[in-house]
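Enquirer: Residue numbers (our numbering): 589 to 764. Glycine residues also receive a C-beta, built at the ideal position from the N, C-alpha and C atoms.
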Amino acid sequence: MNELDDALFLVAVTDESESETHHTLSFSRSTTVLLTFAANRFTRSASRFYQQRFGMGAMDWRMLVMLTREPDASVSRASAVIGIDKAAVSRSLGRLEEAGLAIASTPTSNPRRRSWRLTKKGHQLHGEILEVALSRQRRLLEGFSAEEVERMNDMLRRFMANLEAMDAERQSDVDQ
Numbered sequence: 589m590n591e592l593d594d595a596l597f598l599v600a601v602t603d604e605s606e607s608e609t610h611h612t613l614s615f616s617r618s619t620t621v622l623l624t625f626a627a628n629r630f631t632r633s634a635s636r637f638y639q640q641r642f643g644m645g646a647m648d649w650r651m652l653v654m655l656t657r658e659p660d661a662s663v664s665r666a667s668a669v670i671g672i673d674k675a676a677v678s679r680s681l682g683r684l685e686e687a688g689l690a691i692a693s694t695p696t697s698n699p700r701r702r703s704w705r706l707t708k709k710g711h712q713l714h715g716e717i718l719e720v721a722l723s724r725q726r727r728l729l730e731g732f733s734a735e736e737v738e739r740m741n742d743m744l745r746r747f748m749a750n751l752e753a754m755d756a757e758r759q760s761d762v763d764q
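1. Note down the Cα distance separating GLN684 from ASP755, rounded to an integer number of angstroms.
2. Take the Cβ of ALA661 as the centre, count every other Cβ of all protein chains shown within 10 Å, and call the residue buried at 16 or more, exposed below.
3. For GLY715, does the count of other Cβ atoms within 10 angstroms reach 16, so buried, or fall short, so exposed?
4. Suppose you measure from the CA of ARG705 to the CA of LEU729; what does that come to, to the nearest Å?
5. Since LEU689 contacts LYS709 with CB under 8 Å, what's their CB separation in whole angstroms?
6. Assuming VAL677 and SER667 form a contact by the criterion Cβ under 8 Å, report the distance between their Cβ atoms to the nearest whole angstrom.
7. Can at least three beta-carbon pairs, one atom from the stretch 589-600 and one from the stretch 614-632, be found at a separation below 8 Å?
8. Is the Cβ-Cβ distance between TYR638 and ALA626 less than 8 Å?
9. Which residue comes first and which comes last in the alpha helix (DSSP H) that contains SER616?
10. If you follow the beta strand (DSSP E) that ILE691 is part of, which residue opens it and which one closes it?
11. With burial defined as no fewer than 16 other Cβ atoms inside 10 Å of the residue's Cβ, what is the status of VAL601: buried or exposed?
12. Between GLY731 and ARG739, what straight-line distance do the alpha-carbon atoms span, to the nearest angstrom?
13. Expressed to the nearest angstrom, what Euclidean distance is found between the alpha-carbon atoms of ARG726 and SER733?
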């Protein structure tokens with residue numbers, strides 16, 4: 589495990605009222621702060637855009653992608669893949685079902701174990717939004733080379749793997 593110096597991520601801030609200096613995370617040098625801020629801004633922008641253009645937010649678009657990638661996915665599976673809590677996934681699926689974009693089936697005798705798939709209308713809307721989403725993605729990645737994009741993707745995959753390992757360790761500590 590490589591050791592990164594904490595100073596890489598910190599900034600000193602002086603509280604004028606107390607004449608004290610405190611260290612805290614930098615908004616421009618802390619990777620986790622930058623990632624969080626970028627994700628929040630991206631999601632807010634995407635939600636506004638998709639709401640205005642298609643009458644649905646970013647969460648519903650994510651579920652269209654999820655059900656295109658994995659037809660018959662359960663709420664638990666979608667939650668795990670997307671990294672959003674089950675309640676938000678369930679609410680999104682309810683909206684998609686109400687709009688005639690997704691349909692649930694119950695492959696087992698347990699009605700809580702439903703699997704979800706897109707309807708024909710859902711697949712058509714997915715295709716329509718996909719074109720726009722790819723255009724937005726190209727715009728966001730302007731000035732990046734294909735190699736830089738792949739390098740960033742690799743870093744994000746490693747970041748997520750580290751996060752999953754941390755969560756597994758935490759869960760293991762809770763279980764003991």
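Expert: According to the data block:
1. As a first step, residue 684 is located in the sequence shown; it is residue number 96 there, counting from the start. As a first step, residue 755 is located in the sequence shown; it is residue number 167 there, counting from the start. The question names Gln, but residue 684 in the sequence shown is Leu. Roughly 30 Å separates the two Cα atoms.
2. Position 73 of the sequence shown, counted from the first residue, corresponds to residue 661. So ALA661 ends up on the buried side.
3. On the sequence shown, position 127 is the one that residue 715 refers to. It is exposed - the Cβ of GLY715 has fewer than 16 other Cβ atoms within 10 Å.
4. Position 117 of the sequence shown, counted from the start, is the residue given in the question as residue 705. Position 141 of the sequence shown, counted from the start, is the residue given in the question as residue 729. Inter-residue distance for ARG705 and LEU729 is about 31 Å (C-alpha atoms, whole angstroms).
5. By 1-based counting over the sequence shown, the position of residue 689 is 101. By 1-based counting over the sequence shown, the position of residue 709 is 121. Right, their Cβ atoms sit about 6 Å apart.
6. Locating residue 677 in the sequence shown gives position 89, where the first residue counts as 1. Locating residue 667 in the sequence shown gives position 79, where the first residue counts as 1. Confirmed, Cβ separation roughly 5 Å.
7. yes
8. Along the sequence shown, one-based indexing puts residue 638 at 50. Along the sequence shown, one-based indexing puts residue 626 at 38. Their beta carbons are not under 8 Å apart, which means TYR638 does not touch ALA626 by this criterion.
9. Position 28 of the sequence shown, counted from the first residue, corresponds to residue 616. Per DSSP, SER616 belongs to no alpha helix (DSSP H) and is neither H nor E.
10. On the sequence shown, residue 691 is found 103 positions in, with the first residue counted as 1. ILE691: member of the beta strand (DSSP E) spanning 690-693, first to last residue.
11. Walking along the sequence shown from the start, residue 601 turns up at place 13. Taking all protein chains shown into account, VAL601 has fewer than 16 neighbouring C-beta atoms within 10 Å of its C-beta and is therefore exposed.
12. Position 143 of the sequence shown, counted from the start, is the residue given in the question as residue 731. Position 151 of the sequence shown, counted from the start, is the residue given in the question as residue 739. If I take the Cα positions, the gap works out to 14 Å.
13. Position 138 of the sequence shown, counted from the first residue, corresponds to residue 726. Position 145 of the sequence shown, counted from the first residue, corresponds to residue 733. Between ARG726 and SER733, the C-alpha separation is close to 11 Å.
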